[in-house]
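117 is the number of the first residue of the sequence shown in the working numbering; add one for each residue after it. Let me begin by presenting the structure, written as structure tokens, before commenting on it.
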Amino acid sequence: ARDYQALFGGLAKEFGVTLVAGSIVLPDPSVEGGQLKAGNGALYNCSLTFGSDGRPIGQPQRQLYPDRFQKRYVHPASDAPLNVIDTPAGRLAVLIGSDSWYPDNYARLSQSGAELIAVPALVIGKTGWSEPWQKPRHSSIDMATEHSSEGDAWHRLTLTSRAPQSTAQAGVSVFTRGQFWNHSVAGQSFASHGGQTLAEPPQGDGTAEVARLINLWL
């Protein structure tokens, strides 16, 4: 927790920006006295947002509905709140990974006045983006639509700026690059504004481990 805050809080302060950090797995995470703390008990996947002063804004956002891979080590936080925080660009919410697939989450965020939605995400496997999509098992949520591939599911289900499901103005989904616990990863980051989507080009030219910058002008 200390290293996570030092890295992402330091970057936010160095560049004078609001920064949504990639997710981290911690036991019962919380912010106390301006410091990210690991508690005791079950492990949760969470993300924290830092202000331009390098300090955390609000509490960590926990992942509500981990996917099959994550459920091996992460506890679902299905009763956790969906945080909406004030930033210079507008009211910001974070949906971690597959939480961005569920229409109910967007309805909750719309009620809270979310204007921007950030989605830090991870797709395991070098070819995971093009492999058949495995529908999650949450009977309380309508996921009846079928999708041909993992990538197709992400683009169709992530509704960050699609009315009427979401009243947010814009959103961005950013996927992990490089290696994660000795696993190769995939995923093509994309941004949306006013129902229109801008996606990065397909991987396949050896760029999966290369950092990229995606700009969304509001």
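Just so you know, even glycine gets a beta-carbon here, dropped at the ideal spot from N, CA and C. The structure displayed is predicted, hence computed values, not measured ones.
By the criterion of at least three beta-carbon pairs nearer than 8 Å, the region 233-245 is in contact with the region 296-310. Under DSSP, Lys-153 shares a beta bridge with Ser-146. Rounded to the nearest whole angstrom, the C-alpha separation of Gln-285 and Ile-233 is 9 Å. The C-beta distance from Ala-154 to Leu-164 rounds to 12 Å, too long to fall under 8 Å, and the pair is not in contact. A buried status is given to Ile-173, since no fewer than 16 other beta-carbon atoms sit within 10 Å of its beta-carbon. In this structure, DSSP gives Tyr-218 a state outside helix and strand, which the three-state scheme calls coil. Listed in chain order, the non-local C-beta contacts of Val-200 below 8 Å within the same chain comprise Arg-207, Leu-208, Ala-209, Leu-225, Ser-228, Gly-229, Ala-230, local neighbours out to five positions each way being set aside.
The DSSP-derived three-state label of Phe-124 is helix.
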